[in-house]
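Notes for the one structure printed next.
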Amino acid sequence: MAFAHTLAGTRYVFPDLRTLLARASPPRSGDALAGLIAASAAERVAAQMALADLPLRHFLTEAVVPYETDEVTRLIVDSHDGAAFARIAHLTVGGFRDWLLSEEADAAALTALAPGLTPEMAAAVSKIMRVQDLIAVAAKCRVVTRFRNTIGLPGRLSTRLQPNHPVDDPRGIAASILDGLMYGSGDAVIGINPATDSVESMTALLAMLEELRLRTGAPIQSCVLAHVTTALKAMERGAPVDLVFQSIAGTEAANRAFGVSLSVLDEAWEAGRGLKRGTLGDNLMYFETGQGSELSSGAHEGVDQQTVEARCYAVARRYRPLLVNTVVGFIGPEYLFDGKQIIRAGLEDHFCAKLLGLPMGSDVCYTNHADADQDDMDTLLTLLGVAGCTFIMGVPGADDIMLNYQSTSFHDALYVRQVLGRRPAPEFEAWLGAAGIADTGGRLRFDPAATALPPALPLPQEPS
Amino acid sequence: MTESERFPSPARSDRWEHLRRFTDARIALGHAGSGLPTTAHLAFQAAHAQARDAVHTPLDVAALMAALNERGWPAVAVASAAPDRTTYLTRPDLGRLLSEESQRCLSEPITAPDVVLVVGDGLSGTAVQTNALLVLDALVPRLHAAGLRVGPIVVAEQARVALGDPVGALLQARAAVVLIGERPGLSAADSLGLYLTWEPRPGRVDSERNCISNVRAGGLAPAAAAEQAAALLTAMFAQRRSGILLNTTAAASPPELPD
Chain A
75 MAFAHTLAGT RYVFPDLRTL LARASPPRSG DALAGLIAAS AAERVAAQMA
125 LADLPLRHFL TEAVVPYETD EVTRLIVDSH DGAAFARIAH LTVGGFRDWL
175 LSEEADAAAL TALAPGLTPE MAAAVSKIMR VQDLIAVAAK CRVVTRFRNT
225 IGLPGRLSTR LQPNHPVDDP RGIAASILDG LMYGSGDAVI GINPATDSVE
275 SMTALLAMLE ELRLRTGAPI QSCVLAHVTT ALKAMERGAP VDLVFQSIAG
325 TEAANRAFGV SLSVLDEAWE AGRGLKRGTL GDNLMYFETG QGSELSSGAH
375 EGVDQQTVEA RCYAVARRYR PLLVNTVVGF IGPEYLFDGK QIIRAGLEDH
425 FCAKLLGLPM GSDVCYTNHA DADQDDMDTL LTLLGVAGCT FIMGVPGADD
475 IMLNYQSTSF HDALYVRQVL GRRPAPEFEA WLGAAGIADT GGRLRFDPAA
525 TALPPALPLP QEPS
Chain B
76 MTESERFPSP ARSDRWEHLR RFTDARIALG HAGSGLPTTA HLAFQAAHAQ
126 ARDAVHTPLD VAALMAALNE RGWPAVAVAS AAPDRTTYLT RPDLGRLLSE
176 ESQRCLSEPI TAPDVVLVVG DGLSGTAVQT NALLVLDALV PRLHAAGLRV
226 GPIVVAEQAR VALGDPVGAL LQARAAVVLI GERPGLSAAD SLGLYLTWEP
276 RPGRVDSERN CISNVRAGGL APAAAAEQAA ALLTAMFAQR RSGILLNTTA
326 AASPPELPD
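Shown next, in the form of structure tokens:
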């Protein structure tokens, strides 16, 4: 179906829904690279106006990737909850934006609505929202998940402790873990990106994390972010797998490039649940996404990068994950060119995922060939904090020496918690006190000798 | 009581600095309130500045051409289809194509070489400036000694790894070695990568290349990289293939393109 809008005497025509969405998308380098970006600022606003007039019902009749050839589209269509959608079925995209901003759209209403929304509806409304709209609505969403602690409660901001090392050296990783725990990081997960994706390497790292957990009684969950098929093999061999990780994409073809499909993810989810390692809940999947990954594998199917990113969230929510995060600035300037584009994309991803009911965090990050710096990251971090972001990363000094990019530091998490009055997950917060990491007032003590951490990690106990 | 005893530094050091010997990660940085102490903050800014400058420092083509000329090695300067750095960063596809002028230049008939050496700026002109000649000085004599015909050394601006494919095709080279600046990290802004491709032609994919990465002082020494490259080329000429299908005992990591 074609769409048209006349702006200042010029008539703009958009041949189909995916083109309309692409032309309406705020500018970013990846859509230019894909040849999908609006040709002018006026065409973009005309597309946004045409999109605002589009009834939400239309999204149930026109897929951006064909149903017949794409299992992600089939998942979106087949799992759509018509009863939940009924509340907003009479609205246009523009009317939906107004409703989201209204007082009627409170946490309970948004939670009830989530299964009635498709990723394309969420992406569409985000394209006609300003940064403050993306923040205001996301801040109203409540998504709470549990494994060994409780993630996503009001007033909380969690962190993934990311202690990567270029050759997976256990003492190097342990040193970064100790550094992070002393700074109160790690309640979302202690998650290691392994340099070597093998069952042996994964099992060795998991054993170290399990030892730490058992010896300190920390209410934490661990994850080695190997490929999901590696995790499956590790589980078969009896490795102590808490969270099952996978990078996912918004089309069947892009998931194939990642070496996964819904059936592989189904199998891994089932295996993880079978281990029954969660004590407070069974949310155990951990997914990463990021705008541009579909285009980078040539599998974006003509869909703009923000819309196809939102389709990842349909995949994610099938598995009731503990954690999801966008790795927003990791992929490079050919997808998100500078700080401005990275900031907007991070807020879009967080908004769309929260609207769809996911425990969304963000890897606030950039690479050295992007036109971005620490000031841009501070801006995005602060905005995401205000928006109620579920978790951020904690990397020693913000410098990941294995993946060679800059993320957020343990210090950054303390900053945002301090200025916004956020606290870690309650069980973890209590443990920080009990373990001697924080004092009775919750202030960090920065004294490893007052804790049982050094002997629980493969580290020498005394300075030498 | 001295002044420093009465007014201790407002920045606190961390008590686990001894753990730094186990990792290059920025641990035990200390803290000023919840922020970074000034020293650690500026050390980070300095590392990022060096990385940014490495990305945006143009390769000094004239100096490199003169140095090659001094050694008596024929050389030709070309450019990709990306006309400037901003286009290069946003359009990786253009960095894999030759400009029209460079295509014409490489279309002049020459005797087809066995190996074409391509020196491309990639994402770090600094890496090329620092390390490319050191690699070539060790590599070219080895190739000559092995009886291989080395074509003109092609110096390419705004180049991605795959620019070696159209270069190799136009020169009808049997193998290409692309020496290119890798994406700068905070710890090293001058890493050079070597990418080797048998029968370089447009359409080759990453899995058909062999890669030697992190070539720099403090990483893989340039001479050692040249030795590895020569060993890989020997295997490639024996087996007439490259990439994941190449059987080799030489240490070579799987290809990971800097774009």
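One line per chain: the protein sequences are A and B, in this order. Just add 74 to wherever you are in the first sequence, counting from 1, and you've got the numbering used here. Just add 75 to wherever you are in the second sequence, counting from 1, and you've got the numbering used here. Just so you know, even glycine gets a beta-carbon here, dropped at the ideal spot from N, CA and C.
Of all the residues that make up the region 118–136 of chain B, which are near chain E by a beta-carbon distance shorter than 7 Å?
The structure shown contains no chain E; the protein chains it does contain are A and B.
Pick from L410/A, L299/A, L94/A and V402/A that is closest to V318/A, judged by C-alpha positions
L299/A
Let me know if A487/A comes out buried or exposed under the rule of 16 or more other beta-carbons within 10 Å of its beta-carbon.
buried
Drop a sphere of 10 angstroms on the beta-carbon of L288/A, count the other beta-carbons inside from all chains shown, and report buried for 16 or more, exposed for fewer.
exposed
Top-ranked residue by Cα proximity to N289/B, from G268/B, S282/B, V280/B and A301/B
G268/B
Minimum Cβ-Cβ distance from N442/A to chain B less than 9 Å:
yes
I want to see whether chain A comes within less than 9 Å of L238/B, judged by CB atoms only; does it?
no
Give a yes or no on whether the C-beta atoms belonging to I255/B and D196/B are separated by under 9 Å.
yes
Return the residue from the list N322/B, A263/B, M311/B and R316/B that minimises the CA-CA distance to G294/B.
A263/B
Which class does Y86/A belong to by DSSP, given the choice of helix, strand or coil?
strand
Whose Cβ in chain B lies nearer than 7 Å to the Cβ of D447/A?
H123
Bridge partners for Y270/B per DSSP, in chain order?
V253/B and C286/B
With DSSP as the reference, label L149/A as helix, strand or coil.
helix
Taking I405/A as the reference, give the member of F77/A, L235/A and A446/A with the closest Cα.
A446/A
When you check each C-beta in the region 89–108 of chain B against every C-beta of chain A, which residues fall closer than 7 Å?
D89, R90, W91, H93, L94, F97, T98, D99, A100, R101, I102, A103, L104 and H106
What are the residues of the region 249–262 of chain B that lie near chain A, defined by any Cβ-Cβ distance shorter than 7 Å?
R258, P259, G260, L261 and S262
Per DSSP, which one or two residues make a beta bridge with L518/A?
A512/A
DSSP-derived helix/strand/coil call for A107/B:
strand
Which residues, taken in chain order from the region 155–171 of chain B, show a beta carbon closer than 9 Å to some beta carbon of chain A?
T161, L164, T165, R166, P167 and D168
Under DSSP, the beta strand (DSSP E) around A152/B begins and ends at which residues?
A150 to A154
Among all the DSSP beta bridges, which residues are the ones paired with M540/A?
The structure shown has nothing for residue 540/A, since chain A only spans 75 to 538.
Confirm, please, whether the CB-CB distance from A251/B to A249/A is below 9 Å.
no
Taking the CB atoms as reference points, tell me whether E232/B and S182/B lie closer together than 9 Å.
no
Using a Cβ-Cβ cut-off of less than 9 Å, list which residues of the region 464–475 of chain A approach chain B; keep chain order.
V469, P470, G471, A472, D473, D474 and I475
Below 8 Å, can you find three or more Cβ-Cβ pairs linking the region 82–99 of chain A to the region 143–154 of chain B?
no
Pull up the distance between the alpha-carbon of I416/A and that of G403/A, whole angstroms please.
6 Å
Answer with yes or no whether the minimum CB distance from A526/A to chain B is below 9 Å.
no
Can you name, in chain order, every residue of its own chain whose Cβ lies under 7 Å from the Cβ of Q247/B, other than the five neighbours on each side?
A187
Sorted by chain position, which residues of the same chain lie with C-beta nearer than 7 Å to V241/A's C-beta, five sequence neighbours on each side aside?
A269
Give the single residue among R496/A, E501/A, P532/A and G431/A whose Cα lies nearest to the Cα of T185/A.
G431/A
Please confirm whether A103/B and R95/B have their CB atoms less than 9 Å apart.
yes
Against chain A, with Cβ distances strictly below 9 Å, would L295/B count as a contact?
no
Looking at the structure shown, is L295/B part of a helix, part of a strand, or coil, going by DSSP?
strand
Using a threshold of 9 Å, state whether the C-beta atoms of E383/A and A197/A are closer than that.
yes
Taking only beta-carbon positions, decide if R87/B is within less than 9 Å of chain A.
yes
Residues near A163/A by beta carbon distance below 7 Å, same chain, minus five either side:
L130 and R131
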